[in-house]
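A.B. asks: Residue numbers (this note's numbering): 383 to 468. For each residue, glycine too, the CB sits at the ideal point set by N, CA and C. Dropping a structure here in structure tokens format, bear with me for questions.
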């Protein structure tokens with residue numbers, strides 16, 4: 383299932399909330415940064431779903447899983463970078 387750019391942003395918003403639920407704690411940038419990271423994770427998941435053929439099947443739930451995994455990964459990297467610079 384393919385989404386438009388706007389669709390992946392909406393999925394990314396949901397993925398950002400799920401990523402925050404999976405990785406609780408204080409984020410250096412607050413909720414706005416977490417939302418933006420979720421959107422970026424959603425776009426990353428959408429890119430992977432479009433480029434890699436084995437990621438393009440599975441429907442809405444699989445797309446949400448991909449977007450959430452991307453958001454968790456980006457949130458983890460963000461926290462790692464921010465903790466080193468502080």
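Taking the CB atoms as reference points, tell me whether residue 394 and residue 451 lie closer together than 8 Å.
C.D. replies: no
A.B. asks: Enumerate in chain order the residues of its own chain whose CB-to-CB distance from residue 426 is below 6 Å, with the five nearest sequence positions on each side excluded.
C.D. replies: Closer than 6 Å at the Cβ level, and outside the excluded window around residue 426, lie 452.
A.B. asks: Give me the Cα-Cα distance between residue 445 and residue 421, rounded to the nearest whole angstrom.
C.D. replies: Cα-Cα distance, rounded: 13 Å.
A.B. asks: Relative to the ligand NAD, is the shortest distance from any of its heavy atoms to the C-beta of residue 417 smaller than 7 Å?
C.D. replies: The model on display carries no ligand, and the ligand NAD is accordingly not part of it.
A.B. asks: My guess is that residue 401 and residue 457 are in contact by the Cβ rule of under 8 Å, so how many angstroms apart are they, rounded?
C.D. replies: That pair is a contact at about 5 Å.
A.B. asks: Helix or strand or just coil, what does DSSP make of residue 465?
C.D. replies: helix
A.B. asks: Counting C-beta neighbours from all protein chains within 10 Å, is the total for residue 412 16 or more, i.e. buried, or is it exposed?
C.D. replies: exposed
A.B. asks: Among residues of its own chain, excluding the 5 on either side of residue 416, which ones have a beta-carbon nearer than 8 Å to its beta-carbon?
C.D. replies: Leaving aside the five residues that flank residue 416 on each side, the residues in its chain whose CB is nearer than 8 Å to its CB run, in chain order, 398, 401, 402, 409, 457.
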